[in-house]
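Residue numbers (the working numbering), protein chains in the order written: chain A, 1 to 981; chain B, 982 to 1081; chain C, 1082 to 1265. The beta-carbon is built from N, C-alpha and C at its ideal position, and this holds for glycine as well. Below: one structure, written as structure tokens.
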Amino acid sequence: MTRIPARGSRLGTKTISFTFDGKTYEGIEGDTLASALIANGVHLMGRSFKYHRPRGAIAAGAEEPNALVNVFRDSARRQPNVRATVQEIYDGLKAESQNRFPSLAFDVGAVNNLMSPALVAGFYYKTFKWPAKAWDHVYEPFIRRAAGLGEAPTEEDPDHYANRYAHCDVVVIGGGPAGLMAAKCAADKGNSVIVCDENAAFGGWLLSDTDLRVDGMSGAEWAAAMVAELQANDNVRMLNRTTGFGYFQQNMVGLTERITDHVSRPAPDLPRERMWQVRAGRVIIAQGAIERHMVFPGNDLPGVMLAGAAQTFLNKFGVPVGERIGVYTACDTAYAAAFDLYEVGCEIPVIVDHRTEVDAQILKQAEDLGIEVIKGGHISEVTGRLRIGGIVVKSGADTEREWDVDALIMSAGWTPSLHLSSQSRAKPVWDETRGIFLPGESPQACICIGGCNGTDELADVFAQAAESVGGKAPKCKIEDDVSTSGGMSGATGDSLQKGKAFVDYQNDVTAKDIALAVREGMHSIEHVKRYTTNGMATDQGKLSNMHGLAIAADLLDKPIPQVGLTTFRAPYTPTTFGGFVGHTKGSLFDPRRKTPIHDWAAENGAEFEPVSLWDRAWYFPRRGETMHEAVDRECRTVRETAGIFDASTLGKIEVAGPDAAAFMNIMYTNGWDKLKPGRAKYGIMCREDGFIYDDGVVGKLAADRFHVTTTTGGAPRVLNHMEDYLQTEFPHMRVWLTSTTEQWATIAVQGPRAREIIKPLVKGVNLNSESLSHMSVSECEICGVPARLFRISFTGELGFEINVAADYGRSVWEAVWARAEPLGACVYGTEAMHVLRAEKGFIIVGQDTDGTVTPHDAGLSWAIAKSKPDFVGKRGLQRPDLVKAGRRQLVGLKTSDPKKVLQEGAQIVANPDQPIPMDMLGFVTSSYWSGTLKHSIAMALIEGGFDRMGEKLYVPMEDETIEVEVTGSVFYDPNGDKVND
Amino acid sequence: MLLIHCPYCEDDRPELEFANAGQAHVVRPSHMSEMSDEDFEGMFFIRDNPKGVNLERWRHIHGCGRFFNAVRHTVTDKFLKVYRAGEPRPTDAELAELLK
Amino acid sequence: MTSVAKLVRSIPLNGFRFATDAVTIEAASPAARLSIRATKRGVTSLSKSLGLTLPADPSKSSKKAGRHALWLGPDEWLVVDEKLAAEDLIPKRASREFSVVDVSHRNTAFIVSGDDAATALNAGCPRNLSLKAFPVGACSRTLFGKAEIILYRTGRTVFRVECWRSFAPYVRDLLCEGAKDVRN
Ligand SMILES: [Zn+2]
């Protein structure tokens, strides 16, 4: 096959070598994979989805349903389902066909084609009904194997992707003649403009049309001049290889820009794609129109393609698609394609026109070139196996004639692309005379212009483009503009009865399938679509929707608008997950919050665990210690000597103002009026429904100022909850809330020698129990910096919590450690903290509660101030369900075998011998080995738990049943003497 | 992504800065503990779910931090009106006017 | 009493700097910061004691001799002082009209500057940062990727980005990603 270099408006000069299915080919700079393969005489590019039929490129652009290939650079960079008509070639490009085994030319899956009577529409619904188990073992694996197109890579994607938010006055989607003109007119008026086009070059159809003249220039020359003018304007951003894939609320459009997929050796710094989230004052949609194929038996053989595609391959890439090319059409544009091909030396043996009446001038042109035109004819059969070899044409009364061809180009007319318009919530409007849907008026600030608006003549397109941005189009002299008149939708000949006339190539849906669906009772297009899968493939029915609709409407004897149009959804073309992920991966997947003491912990061998967004030191193993041994040692050291713990992640809120106490009375179940400044209290926060929402120790610093602590994970929602009540229910209160979580580094020092450790560092308060008793707070100086020193304990030992400004956190921590270490104290992590608190029966909100636990259920009735007239949750706690007997209550569990540690979440029953499903009484919420007590301990929520003390219950596990005894939840120092030392 | 006008910032801001906060104008009575179970159910659990005009609360949580009210059309997603917390519910006549 | 040497603030990412030819990202030096909530009367008295007006209009800021007051909400301001310590700024007496909380250590800040500073920020910030929409002196709490920030434009091509200290590494990494991407 020869190139026609004079015709390649997009071709460069460099030769580029690439491989397809392991064989090396040469193409020319500017080629797509499809154009380069066709230039090498390769039309067979893939196998179809269901029947494994041989397929080639039908189209030349993004709407391509067939020529899907796997493109890869290495084992991790392996992109399936790439349209060969979009992928530009680069030196060393490796592509493979898909959905075939062992080779493209000989594919054993093609046996499906012979079995096709069993694979008709609705076959999934009919075949895979029963038994349920077969889904897991038979049907699903089968469908997954048979139905997949490409194969996803198994390795992590090594590329990176970028995200950009942008704002502009006007965004133009589509850089064809309409889009370029609109961008120019908008820019001329001083607007900021973004204009994008999915192709490598701007110009759209102009690059495929060699007849047209604008001001004496060819279409390609005019487009190049326009692009140069726009690029010179600072207010205009031109994005090529960029698809407008979605239209969202209030004029936000999503654009995906492909940056390296066409580059042989991309610079490592470059993102593979950039996602643009553009908010525009006005959106101009200039998406163009997509040509429809003709529906006739064998319309999928390689070598059969859209007339416009053939014209693009010729005029953009210099590639004639065959030597002896048949034409089958219902639209005038196919004639132009045929004439173009004729001009470069291709033989055009026949033009079969489905219409009985054809424009006389076009017929005259064909006649002048000696091309035979058969009016009112249709193709009843095609011959050939891996490439079309001939056509059988019927016309009039049973005359049947045959032609040998090596390609067939076809056109059933043009479908305006309504995708983005429809996503903007404009309702498509049916144009009866032209048989197409046109974009309706959008509720958003967007306008469709050009081909996607059904506009034909270039002069009209320019006028419309100018008008869409309130500008004026320059006067242009337009010559030899080709008309797109004509067109039809639906099946031709007797393809509803015979052969495989494909409506949807990608999902292998034939005209007969649509007919079957209608016969079986599918009367709306949504049902037909789902029953046949017409339009449900990755191309979203860009070619097939109108045909499917027309066939169904015809059989139902209803007008097309009554059968309905399926909804257009984003993305317009398949969009990579990487593009959506953007920067959000690796260290940017989520913030990993670290305390000011984190680095010290890391330097000292800590293992960390994630707690909400925080990394918290989990335990500090010494050489050779297991986690269990380390936690045991840390717990023992705290109980015997002392330990220090980084509690900086605790949420902190400063509640300040004259009404602070009144506000605290509303937000917490406890009473705050009587609490004296300098004292602290454990507070419980409920939601209005009476369930525990959060808890924490609150210090009263002054009559009008509280230092509130929250759980680590609860900090943001607690602040939101408080702000909600303050702003909307109690706006008259003079109180203000400030998050101080990160202002303070918090260092817990716990254990019998805690006082001794911190004493020399503290100035301004006496640490003895008379002046700083358990549950108090003092503003003092520690290590010479201002501090809030709490005397509180989450371990049951004598304890302090030092709060210093965060930038001093590590220095103070080191000073405390320098005192603690020589005394034999340890640092401990969150695991030891959990064990120590569980030994004392202190709950963790979110672990021992789950949003359905009241303070009463948790054994915290003492923390509810009964005399308060109101607090959030007071009324909820009176609800019938919350006061009735038999609620799940938080109790302790001791296993009869002291060594047995229960699994958190394990279910609890009274009688382990009952049949499955058993009556569950509740479940284990916390469970640990207590080295101090030398037996396992657990907490559990159990129906009527408080009345079951001493009762034996059972925890049935997969391989054993564990006997437990219900106990109180305070396992260690039940009188609480130690904290008062 | 919606673009929401904050009545405190007096500016259109991206939806990312906001959090929806449920139905607007649900009154929390001052003497809650005296409410009947039925009234409490209505106040706390039962919510409108209209197709069309919805009165809802938003918080400009990653902005000025204020809660405010909005009239939004649940079919078109259009914000017909935003107003500050504490301002009265638009009357039915006003809502009808907004829909025009 | 053990004698303790005067502690020095160690701010997160101290000394951090990353530059391309279009964007420079630097860790800002330690500063005093106050979170202010106030009634109208409180605003008047605080403006007097701080020596600069707490702006009444949304997204506006005021500045005087290295001290900045940023409007964050109708009753909320952030005051940043690059020279003094917070203790020197906080009114000694409590008031019925305002709350002043020291958040000097809660936040940390980056200075993002250069011709494409706004573009780098738009890698994660959904706001329109054109000079028309976000002029010099504009300030606002907003989002940068998954981190909440306070964005303050101090010059045509200079922004101050305040974030909570534990979000600083995330903000730094995303700023660098944004900066690397601007010219591609
Ligand atoms: Zn706001």
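| query | result |
| --- | --- |
| Taking the alpha carbon of A:Asp694 as the point to measure from, which residue in A:Leu701, A:Met685, A:Lys700, A:Ala702 has its own alpha carbon closest? | A:Met685 |
| In the segment 715-747 of chain A, which residues sit with their C-beta less than 8 angstroms from some C-beta in chain B, listed in chain order? | Asn720, Glu723, Asp724, Gln727, Thr728, Glu729, Pro731 |
| Quick check: is the beta carbon of B:Ile1027 nearer than 8 angstroms to any beta carbon in chain A? | no |
| Straight-line CA distance for A:Ser208 to C:Arg1237? | 45 angstroms |
| Short check: CB of C:Cys1206 to CB of C:Leu1232, under 8 angstroms? | yes |
| For A:Val171, which of A:Ile447, A:Ala57, A:Asp398 has the nearest alpha-carbon? | A:Ile447 |
| Starting from B:His1043, follow its DSSP beta bridges and name the residues at the other end. | Beta-bridge pairing links B:His1043 to no other residue. |
| Could you tell me the boundaries of the beta strand (DSSP E) in which A:Met939 lies? | 935-943 |
| With respect to the beta strand (DSSP E) encompassing A:Gln231, which residues constitute its N-terminal and C-terminal limits? | Premise fails: A:Gln231 lies in the alpha helix (DSSP H), 219-231, not in any beta strand (DSSP E). |
| Sorted by chain position, which residues of the same chain lie with C-beta nearer than 6 angstroms to C:Gly1218's C-beta, five sequence neighbours on each side aside? | Ser1142 |
| Indicate whether at least one CB of chain F lies closer than 8 angstroms to the CB of B:Tyr989. | The chain inventory of the structure shown lacks chain F, comprising the protein chains A, B and C. |
| In whole angstroms, give me the CA-to-CA distance for A:His707 and A:Gln727. | 20 angstroms |
| Anyone know if the C-beta pair for A:Ala656 and C:Val1182 falls short of 8 angstroms? | yes |
| Suppose you measure from the CA of A:Ile606 to the CA of A:Pro596; what does that come to, to the nearest Å? | The sequence given here has Ala at residue 606 of chain A, not Ile. Cα to Cα, the separation comes out at about 15 angstroms. |
| What residues does ligand 1 have around it, judged by CB closer than 6 angstroms to any heavy atom, in chain order? | B:Cys987, B:Tyr989, B:Cys990, B:His1041, B:Gly1044, B:Cys1045, B:Arg1047 |
| Give, in chain order, every residue of the segment 797-831 of chain A whose Cβ lies closer than 8 angstroms to some Cβ of chain C. | Ala805, Ala806, Asp807, Tyr808, Arg810, Ser811, Val812, Ala815, Arg819 |
| Can we say the segment 862-879 of chain A touches the segment 914-929 of chain A, given the rule of at least three CB pairs closer than 8 angstroms? | no |
| Tell me which residue opens and which closes the alpha helix (DSSP H) that A:Ile551 is part of. | 545-556 |
| Below 8 angstroms on the Cβ atoms is my contact criterion, and I expect A:Asn66 with A:Gly150 to pass it. Report the Cβ-Cβ distance as a whole number of Å. | About 13 angstroms separates the two Cβ atoms, so there is no contact after all. |
| Short of 8 angstroms Cβ to Cβ, which residues in the segment 1140-1154 of chain C face chain A? | none |
| At a cut of 8 angstroms, does the segment 272-283 of chain A reach the segment 473-485 of chain A through at least three beta carbon pairs? | no |
| Measuring only the C-alpha atoms, how far is A:Ser442 from A:Gly578? | 31 angstroms |
| For A:Gly303, does the count of other Cβ atoms within 10 angstroms reach 16, so buried, or fall short, so exposed? | buried |
| Could you pull the start and end residues of the alpha helix (DSSP H) that C:Thr1223 belongs to? | Looking at the DSSP string, C:Thr1223 is not in any alpha helix (DSSP H); the run it does join, the beta strand (DSSP E), is 1220-1225. |
| Nearest-angstrom Cα distance between A:Ala95 and A:Val42? | 13 angstroms |
| At a CB-CB cut-off below 8 angstroms, which residues of chain B make contact with C:Glu1157? | Cys1045, Gly1046 |
| Cutting at 7 angstroms between CB atoms, please list the residues of its own chain near C:Asp1260, excluding the five before and the five after it. | The amino acid at residue 1260 of chain C is misidentified as Asp; the sequence shows Ala. Phe1099, Thr1101, Val1104, Ile1106, Ala1201, listed in sequence order. |
| So for A:Phe730, helix, strand or coil by DSSP? | coil |
| At the level of alpha carbons, what is the spacing between A:Gly389 and A:Met238? | 44 angstroms |
| How should A:Glu357 be labelled, buried or exposed, when 16 other C-beta atoms within 10 angstroms of its C-beta is the threshold for buried? | exposed |
| Using a Cβ-Cβ cutoff of less than 8 angstroms, which residues in the same chain neighbour A:Ala338 once the five nearest sequence positions on both sides are dropped? | Ala307, Ile325, Val327, Ile348, Ile351, Ala366, Ile371, Ile409 |
| Quick one: complete beta strand (DSSP E) runs, 3+ long, within the segment 163-222 of chain A? | 193-196 |
| Roughly how many angstroms lie between the CA atoms of C:Leu1159 and C:Ile1230, to the nearest whole one? | 12 angstroms |
| Kindly indicate if chain A contains any beta-carbon less than 8 angstroms away from that of C:Arg1122. | no |
| Please state whether the Cβ-Cβ distance between A:Phe437 and A:Leu418 is less than 8 angstroms. | yes |
| For a cutoff of 8 angstroms on Cβ pairs, would you count B:Gly1129 as touching chain A? | In the structure as shown, chain B starts at 982 and stops at 1081, and residue 1129 of chain B therefore has no counterpart that could be examined. |
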